[in-house]
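Peer 1:
Laid out in structure tokens, this is it:
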């Protein structure tokens with residue numbers, strides 16, 4: 001039968017058990033403490049790297065085994081930083097011991113991809129955790145500068161000498177797994193829309209896209225449409241200054257960064273008239289962009305405290321014009337751009353404020369607290385809800401805050417003292433006095449999202465997709481068709497993460513030193529029919 005696996009054989013479990021794992025993952029996935037406010041990119045990278053070691057010739061490597069738990073594989077320089085991902089999932093594993101590490105790592109990535117707007121991938125369980133002798137040596141994952149000539153040698157098109165060797169290396173890595181050019185480009189385009197590089201880990205620095213926590217085709221579109229410049233740690237930029245800190249690689253490393261912040265976008269150079277403020281009164285607005293940053297203040301240099309995604313609605317209690325931009329204050333706190341300074345529409349008005357929809361739990365956020373009136377028509381308040389204190393509102397009405405018309409007030413629904421009194425929620429003179437508490441956004445006082453972006457970067461291995469004609473034809477298609485990328489990435493990612501699994505047709509590997517198990521077909525992420533006992 002072969003060597004015994006390091007975890008017990010898979011046991012019977014079904015959709016309900018798997019749904020509990022999904023809920024636990026979603027409960028902890030978003031956090032302002034991690035890069036860009038989400039652990040999702042880290043979990044996607046863990047699954048990618050645990051799967052990307054597969055060899056179709058002998059069936060070694062791949063996701064079936066979770067052998068990155070061992071020093072040999074964990075020590076691969078390409079896996080730097082993934083100890084955080086493994087540690088992050090440890091409490092989930094302890095709560096659900098019936099789930100193998102190998103299945104958990106892949107399932108977590110599927111949940112992360114769907115949670116961030118990517119494709120829904122059908123999950124099949126049945127991977128087993130292999131013993132240490134099954135770990136593979138470093139060298140199977142793609143290297144960002146493999147084959148590039150030493151020094152600083154660029155051709156007339158800005159391409160680094162030896163890039164053809166790097167293109168060959170990329171094909172060899174994916175070819176070893178049985179994957180072709182199209183799948184390679186789909187996996188890179190979909191994978192590198194997530195996360196960022198850290199100089200203390202890989203030596204490279206920065207994120208590939210402006211929003212590295214949401215699925216999009218921005219990586220492909222920017223690769224094709226933007227201008228890129230090769231940089232080292234000590235490169236001087238067109239303005240004479242150093243490489244921006246957020247995209248400055250470590251000494252000895254080379255990468256590319258986006259020049260648009262220096263040259264400006266074509267559309268941004270056009271003269272744009274200031275918008276008419278009366279065309280954007282407070283009300284319900286729907287996001288019509290793939291995502292929009294929520295900032296603490298209306299100034300675009302203000303910290304990002306959240307992101308809003310396409311088709312979702314916000315209630316904006318105040319709207320103001322700032323130069324050529326229109327920005328709105330959300331009922332939950334924070335400002336969004338309705339019209340960007342370049343003229344792009346990010347939110348469309350859906351109608352007046354729905355006052356009943358504004359009922360809920362609030363927190364007083366004004367430094368002096370929220371003034372309380374004994375009745376809706378009262379002209380003087382007699383107490384305040386202290387800053388930071390929460391209270392429930394069962395009715396919202398328009399009224400006055402002292403002599404200020406146009407205020408929003410909420411009728412307290414808390415039992416005991418204060419019930420029935422009216423608390424100021426928004427005042428024209430003071431702004432948002434109390435903010436609606438929204439799950440996943442401000443249950444706790446907001447924090448700035450770590451790792452905000454002003455610049456983007458590409459690895460040399462990314463740029464090869466643009467320089468190699470066979471790769472380029474695929475990336476140009478994805479630059480124009482996000483839906484196609486979403487489909488192809490989902491298909492390729494599922495195939496990648498099933499290579500060498502007992503039910504996979506891609507090669508002879510069974511992942512656990514000769515052990516075998518029968519897996520049930522997934523019936524749609526995150527549900528499983530069953531996993532047969534080994």
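In full-length UniProt numbering, the protein residues as written are 1 to 534. C-beta: ideal position from N, C-alpha, C; glycine also. In this text the structure is predicted, and so the values were computed from the model without any measurement.
Mind the definition here: the region 278 to 287 touches the region 488 to 499 only if three or more C-beta pairs lie below 8 Å; say whether that holds.
Peer 2: No: fewer than three Cβ pairs fall under 8 Å.
Peer 1: Drop a sphere of 10 angstroms on the beta-carbon of residue 439, count the other beta-carbons inside from all chains shown, and report buried for 16 or more, exposed for fewer.
Peer 2: As a first step, residue 439 is located in the chain shown; it is residue number 439 there, counting from the start. So residue 439 counts as exposed.
Peer 1: Does DSSP put residue 289 in a helix, in a strand, or in coil?
Peer 2: Within the chain shown, residue 289 is the residue found at index 289, counting from 1. Residue 289: coil per DSSP, three-state reduction.
Peer 1: Let me confirm a value: residue 185 is counted as buried when at least 16 other C-beta atoms fall within 10 Å, else exposed. Which label applies?
Peer 2: Counting from 1 along the chain shown, the entry for residue 185 is found at position 185. Looking at its Cβ environment, which holds 16 or more other Cβ atoms inside 10 Å, residue 185 is buried.
Peer 1: In whole angstroms, what is the alpha-carbon distance linking residue 85 and residue 486?
Peer 2: Residue mapping note: residue 85 aligns to position 85 of the chain shown, counting from 1. Residue mapping note: residue 486 aligns to position 486 of the chain shown, counting from 1. About 24 Å.
Peer 1: Suppose you measure from the CA of residue 152 to the CA of residue 239; what does that come to, to the nearest Å?
Peer 2: Numbered from 1 along the chain shown, position 152 holds the residue referred to as residue 152. Numbered from 1 along the chain shown, position 239 holds the residue referred to as residue 239. Cα to Cα, residue 152 sits roughly 21 Å from residue 239.
Peer 1: Inspect the CB distances between the region 290 to 305 and the region 328 to 339 and report whether three or more fall short of 8 Å.
Peer 2: Flag = yes, the region 290 to 305 and the region 328 to 339 touch.
Peer 1: What are the start and end residues of the alpha helix (DSSP H) that includes residue 483?
Peer 2: Along the chain shown, one-based indexing puts residue 483 at 483. That run of the alpha helix (DSSP H) goes 482 to 498.
Peer 1: Out of 341, 332 and 371, which one is the CA nearest neighbour of residue 357?
Peer 2: Start at 1 with the first residue of the chain shown, and residue 357 comes out as number 357. Closest by alpha carbon: 332.
Peer 1: What does DSSP give as the partner residue(s) for residue 392 in the beta ladder?
Peer 2: The residue you call residue 392 lines up with position 392 of the chain shown. In DSSP, residue 392 forms a bridge with 361.
Peer 1: Using the Cβ count rule (16 or more neighbours within 10 Å means buried), how would you classify residue 511?
Peer 2: Residue numbering aside, residue 511 sits at position 511 when the chain shown is read from its first letter. Since pLDDT at residue 511 reaches only 36, below the 50 mark, its modelled position is unreliable, and no value is offered.
Peer 1: CA-CA distance, residue 536 and residue 221?
Peer 2: Limits of the chain in this structure are 1 at one end and 534 at the other, which puts residue 536 out of reach.
Peer 1: Determine the DSSP secondary structure at residue 458, reduced to helix, strand or coil.
Peer 2: Along the chain shown, read from residue 1 onward, the residue named residue 458 stands at position 458. In this structure, residue 458 counts as strand in the three-state DSSP scheme.
Peer 1: Going by DSSP in three states, residue 50 sits in which element: helix, strand or coil?
Peer 2: Taking the chain shown and counting its residues from 1, one reaches residue 50 at position 50. Residue 50 falls in the helix class under three-state DSSP.
Peer 1: Just verifying my parser: in three-state terms, what is the DSSP assignment at residue 16?
Peer 2: As a position in the chain shown, residue 16 is number 16, starting the count at 1. Helix.
Peer 1: Which whole runs of the alpha helix (DSSP H) in the region 65 to 153 are 4 residues long or more, in chain order?
Peer 2: If we require 4 residues or more, the alpha helix (DSSP H) runs fully inside the region 65 to 153 come out as 71 to 74, 82 to 95 and 101 to 115.
Peer 1: Looking at residue 44: is its Cβ nearer than 7 Å to the Cβ of residue 194?
Peer 2: What you label residue 44 is simply residue 44 of the chain shown in a count that begins at 1. What you label residue 194 is simply residue 194 of the chain shown in a count that begins at 1. Cβ atoms of residue 44 and residue 194: closer than 7 Å.
Peer 1: Would you say residue 468 touches the ligand SAM, meaning its beta carbon is less than 6 Å from a heavy atom?
Peer 2: The model depicted lacks the ligand SAM and carries no ligand whatsoever.
Peer 1: Does DSSP put residue 258 in a helix, a strand or coil?
Peer 2: The residue given as residue 258 occupies position 258 in the chain shown. In this structure, residue 258 counts as strand in the three-state DSSP scheme.
Peer 1: Starting from residue 170 and walking both ways along the alpha helix (DSSP H), at which residues does that stretch end?
Peer 2: Sequence index remark: in the chain shown, residue 170 carries index 170 (1-based). Looking at the DSSP string, the run of the alpha helix (DSSP H) that includes residue 170 is 163 to 176.
Peer 1: Looking only at its chain, what residues have a beta carbon closer than 6 Å to the beta carbon of residue 389, apart from the 5 residues adjacent to it on each side?
Peer 2: Start at 1 with the first residue of the chain shown, and residue 389 comes out as number 389. 364, listed in sequence order.
Peer 1: Can you give me the C-alpha to C-alpha distance between residue 536 and residue 76, rounded to a whole angstrom?
Peer 2: Outside the shown range of the chain (1 to 534) lies residue 536, about which nothing can therefore be said.
Peer 1: Could you check if residue 379 is buried or exposed, using at least 16 other CB atoms within 10 Å of its CB as the buried criterion?
Peer 2: The sequence position of residue 379 within the chain shown is 379, counting from 1. Residue 379 comes out exposed.
Peer 1: CB-CB under 7 Å to residue 300, same chain, minus the five flanking residues each way: which ones, in chain order?
Peer 2: Sequence index remark: in the chain shown, residue 300 carries index 300 (1-based). Answer for residue 300: no residue qualifies.
Peer 1: Classify residue 446 as helix, strand or coil using the three-state DSSP reduction.
Peer 2: Within the chain shown, residue 446 is the residue found at index 446, counting from 1. The answer is coil: DSSP assigns residue 446 none of H, G, I, E or B.
Peer 1: Does residue 213 pass the burial test, meaning 16 or more other C-beta atoms within 10 Å, or should it be called exposed?
Peer 2: Numbered from its first residue, the chain shown carries residue 213 at position 213. The residue is buried, with at least 16 neighbouring Cβ atoms inside 10 Å.
Peer 1: Here's the rule I'm using: 16 or more other beta-carbon atoms within 10 Å means buried, otherwise exposed. How should residue 157 be labelled?
Peer 2: Mapped onto the chain shown, residue 157 falls at position 157. Flag for residue 157 reads exposed.
Peer 1: What's the call for residue 442, buried or exposed, on a 16-neighbour Cβ count within 10 Å?
Peer 2: Counting from one through the chain shown, the residue named residue 442 turns up at place 442. Residue 442 comes out buried.
Peer 1: Do three or more CB pairs link the region 421 to 433 to the region 396 to 403 at distances below 8 Å?
Peer 2: Result yes; three or more Cβ-Cβ pairs closer than 8 Å.
Peer 1: Do the CB positions of residue 382 and residue 196 come within less than 7 Å of each other?
Peer 2: By 1-based counting over the chain shown, the position of residue 382 is 382. By 1-based counting over the chain shown, the position of residue 196 is 196. For residue 382 and residue 196, no; Cβs fall outside 7 Å.
Peer 1: What number of angstroms, rounded off, separates the C-alpha of residue 258 from the C-alpha of residue 169?
Peer 2: Along the chain shown, read from residue 1 onward, the residue named residue 258 stands at position 258. Along the chain shown, read from residue 1 onward, the residue named residue 169 stands at position 169. Between residue 258 and residue 169, the C-alpha separation is close to 25 Å.
Peer 1: Which same chain residues end up closer than 6 Å to residue 270 when comparing Cβ atoms and leaving out the 5 residues on each side of it in sequence?
Peer 2: As a working mapping, residue 270 is identified with position 270 in the chain shown. For residue 270, the predicted structure reports a pLDDT of 46, less than 50, and the residue's modelled location is therefore unreliable. The matter cannot be settled from this model.
Peer 1: Tell me, please, whether the region 47 to 59 touches the region 470 to 489 by the rule of three or more beta-carbon pairs shorter than 8 Å.
Peer 2: Segments in contact, no.
Peer 1: Is it buried or exposed, residue 188, if we count other Cβ atoms within 10 angstroms and call 16 or more buried?
Peer 2: Within the chain shown, the letter at position 188 stands for residue 188. Classification of residue 188: buried, given that the 10 Å Cβ count is 16 or more.
Peer 1: If we count the other Cβ atoms within 10 Å of its Cβ and call it buried at 16 or more, is residue 27 buried or exposed?
Peer 2: Mapped onto the chain shown, residue 27 falls at position 27. Residue 27 comes out exposed.
Peer 1: Using the Cα positions of residue 68 and residue 231, report the straight-line distance between them to the nearest angstrom.
Peer 2: Start at 1 with the first residue of the chain shown, and residue 68 comes out as number 68. Start at 1 with the first residue of the chain shown, and residue 231 comes out as number 231. Using only the alpha carbons, I get a separation of about 32 Å.
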